[in-house]
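2 protein chains.
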Amino acid sequence: MTGGEEATKGERTRKKLVDATAALLRRQGYHATGLSDIVAESGAPRGSLYFHFPGGKDELARAALLASSAEWRARIDAATRDAPDLGAAIDATVTLLADDLESSGWDNGCPVAAVALESTSELVRATVEEHFASWLDVVAGRLAASGVAPAPARQLATVVMSAFEGALLLARVKRSRAPLVAIGQALRAMIGAAPSATPSPVPAGPVRTTTRTGARGTSRRRSPR
Amino acid sequence: MTGGEEATKGERTRKKLVDATAALLRRQGYHATGLSDIVAESGAPRGSLYFHFPGGKDELARAALLASSAEWRARIDAATRDAPDLGAAIDATVTLLADDLESSGWDNGCPVAAVALESTSELVRATVEEHFASWLDVVAGRLAASGVAPAPARQLATVVMSAFEGALLLARVKRSRAPLVAIGQALRAMIGAAPSATPSPVPAGPVRTTTRTGARGTSRRRSPR
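From first to last, the protein sequence lines stand for chains R and X. If you're matching positions, the first sequence starts at -3 in my numbering and goes up one per residue. If you're matching positions, the second sequence starts at -3 in my numbering and goes up one per residue.
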């Protein structure tokens, strides 16, 4: 890198490679994606691949998975920022993911899931693990910030992530939004019934209908949206 | 096939090929699995592969996915046959899947999911779709047989399948039973709240406090093993 201009061009090429890899990993997984596919999809010169990623495909896959993870965190943040409560945030996430999947001709599922289910190098496997661990933290944090007690929030975050991952898979296979809509409704009901961190009989915070002990009784009566 | 003995030997060879393919597809997906891996893992002579599967890898993959689907249906049926209620059936399924995943060194997830997330031929894709459609029918049928009204039973079956698929993925990535245990508990609570097919004085709605199916209240307190 000899100057600002050149650095910028290098960064643009690097980004093209990362974006192309992310798109291919998402659509078809790790093993189906060859370096020549990445070069073709990116439009970057082949030589630039080893210049930017001397570790080859695994290093590129790691960068692509991290970039997808960050991109989707930003997109979900933006879509849910103004949601008045957790139920609305879940609906907004369902809509975002279903729109994205449908508009791709049912090809674009979770950007990490396909790779997560293949046997890959330890570097790639650890990247996938890191991704899911950080997302679980984010979801649990969001639930806790909305008034769910910390321990149930972690448990509920695992359920939320599982439901979205599984529904994305089924929606892709069925070429239908229905699985995402179904888990969205189920999660809304479940979150309404989660134990609150607030030891008060007065409904508090975005998770309003729950009473202290939570997951039973009247809180279940809320209409599903 | 010229006689009983020969047919039996041929069938054994065919089964070896199908079993080896099923194991490899489950562990690593479609594209990572080469025909030579299948031949090596099966111990069958290479020539037998095209004799039994003139359509090659895709025909073999279809046979393997159908065999996995049938095998797991039988295993889950056997594990849940004596369950006194749906909650117990869910617990038994969680235990079966978690034991299988853990005992494989966290390599064996859903036998179909890895292939479902790759781009494959139309034959393989349609096989995956067929598998999930028939499992949704089975789960919805089981829920309906236990007293859940038909429309919510289909919706709930989609949620059950999504939760198990996603939890299997997370459990594999995290190398932990926790995601399966978490969704098991959530599904128990949800099924306890599903609208019953039996008319009742309580206002009907998708999320209601039914007592008919029984999977709630004290039954939640059981330890997750």
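All residues carry an ideal CB built from backbone N, CA and C; glycine is no exception. All figures in this text were calculated on a predicted structure; none of them were measured in a lab.
Would residue 38(X) be called buried (16 or more neighbouring beta carbons within 10 Å of its own) or exposed?
buried
Are there 16 or more other CB atoms within 10 angstroms of the CB of residue 119(X), so buried, or fewer, so exposed?
With fewer than 16 Cβ atoms within 10 Å of its Cβ, residue 119(X) is classed as exposed.
Within 8 angstroms, do at least three Cβ pairs link the region 122 to 140 of chain X to the region 152 to 160 of chain X?
yes
Answer with yes or no whether the minimum CB distance from residue 53(X) to chain R is below 8 angstroms.
no
To the nearest whole angstrom, what separates the beta carbons of residue 13(R) and residue 86(R), a pair I think is in contact under 8 angstroms?
Between residue 86(R) and residue 13(R) the Cβ distance is about 34 angstroms, and since that is not below 8 angstroms, they are no contact.
Taking the C-alpha atoms as reference points, what is the distance between residue 173(R) and residue 102(R)?
Between residue 173(R) and residue 102(R), the C-alpha separation is close to 9 angstroms.
Using a Cβ-Cβ cutoff of 7 angstroms, what residues of the region 14 to 33 of chain X are near chain R? List them in chain order.
Answer set for the region 14 to 33 of chain X: 23, 24, 25, 27 and 28.
Less than 8 angstroms separating the beta-carbons of residue 108(R) and residue 124(X)?
In this structure, residue 108(R) sits away from residue 124(X), with a CB-CB distance that is not shorter than 8 angstroms.
Residue 23(R) versus residue 116(R) - alpha carbon distance:
Looking at the two C-alpha atoms, the distance is approximately 17 angstroms.
Whose C-alpha, out of 133(X), 15(X) and 186(X), is nearest the C-alpha of residue 40(X)?
15(X)
Just confirm the distance between the C-beta atoms of residue 179(X) and residue 65(R), as a whole number of angstroms; I'd bet it's less than 8 angstroms.
The Cβ separation is near 22 angstroms, so there is no contact.
Based on Cα-Cα distance, which residue from 74(R), 17(R) and 92(R) lies nearest to residue 62(R)?
17(R)
Give the DSSP-derived three-state secondary structure of residue 4(X) in the structure shown.
The three-state secondary structure of residue 4(X), taken from DSSP, is helix.
If the cut-off is 7 angstroms on Cβ atoms, which residues from the region 124 to 139 of chain X count as contacting chain R, listed in chain order?
Taking 7 angstroms as the upper bound on Cβ-Cβ separation, chain R lies near residues 124, 125 and 128 of the region 124 to 139 of chain X.
Members of the region 95 to 122 of chain X near chain R, C-beta cut-off 7 angstroms
105, 109, 110, 112, 113, 114 and 115
Could you name each continuous alpha helix (DSSP H) segment of 4 residues or more that falls completely within the region 104 to 171 of chain R, going from the start of the chain to the end?
Whole alpha helix (DSSP H) segments, 4+ residues: 109 to 112, 118 to 141 and 146 to 170.
Excluding sequence positions up to five away, which residues of its chain have a Cβ less than 7 angstroms from the Cβ of residue 32(X)?
none
In terms of DSSP beta bridges, what is residue 192(R) paired with?
144(R)
Reference residue 21(X), options 59(X), 44(X) and 10(X), closest by Cα
59(X)
Limits of the unbroken alpha helix (DSSP H) element including residue 94(R)
82 to 99
Return no unless some Cβ of chain X is closer than 8 angstroms to the Cβ of residue 83(R).
no
So, using beta-carbon positions, are residue 97(X) and residue 72(X) closer together than 8 angstroms?
No Cβ-Cβ contact shorter than 8 angstroms links residue 97(X) with residue 72(X).
Unbroken stretches of the alpha helix (DSSP H), 4 residues or longer, contained in the region 25 to 61 of chain X:
Runs of alpha helix (DSSP H) with 4 or more residues, each lying fully within the region 25 to 61 of chain X, are found at 31 to 38 and 42 to 48, listed in chain order.
Can you find the residues in the same chain that come closer than 7 angstroms, C-beta to C-beta, to residue 131(X), ignoring five residues on each side of it along the sequence?
157
Can you tell me whether residue 10(R) is buried or exposed? The criterion is at least 16 other CB atoms within 10 Å of its CB, across all chains shown.
buried
Determine which residues of the region 136 to 167 of chain R have a Cβ less than 7 angstroms from any Cβ of chain X, and write them out in chain order.
Residues passing the 7 angstroms Cβ filter: 151, 154, 155, 157, 158, 159, 160, 161, 162, 163, 165 and 166.
Selection from 192(R), 176(R) and 110(R) that minimises the alpha carbon distance to residue 94(R)
Comparing alpha carbon positions, the residue from 192(R), 176(R) and 110(R) closest to residue 94(R) is 176(R).
Outcome for residue 111(R) when other beta-carbon atoms lying within 10 angstroms are tallied against a minimum of 16
buried
Taking only beta carbons into account, state which residues of the region 174 to 189 of chain X come closer than 8 angstroms to chain B, listed in chain order.
Of the protein chains in this structure, namely R and X, none is chain B.
Go through its chain and collect everything with a Cβ distance to residue 195(X)'s Cβ below 6 angstroms, but skip five positions before and after it.
Caution applies to residue 195(X), whose pLDDT of 49 falls short of 50 and renders its modelled position unreliable; the model cannot decide the point.
Applying a beta-carbon distance threshold of less than 7 angstroms, which residues of chain R neighbour residue 169(X)?
Chain R residues near residue 169(X): 112, 124, 125 and 128.
Roughly how many whole angstroms lie between the Cα atoms of residue 215(R) and residue 55(R)?
Residue placement at residue 215(R) is poorly supported in this model, since its pLDDT is 38, which falls under 50; the coordinates still yield a value, given next. Approximately 48 angstroms, taken between the alpha carbons.
Can you grab the Cα-Cα spacing for the pair residue 105(X) / residue 135(R), in whole Å?
24 angstroms
CB-CB under 7 angstroms to residue 27(R), same chain, minus the five flanking residues each way: which ones, in chain order?
114
Does the separation of the CB atoms of residue 82(X) and residue 187(X) fall below 8 angstroms?
yes
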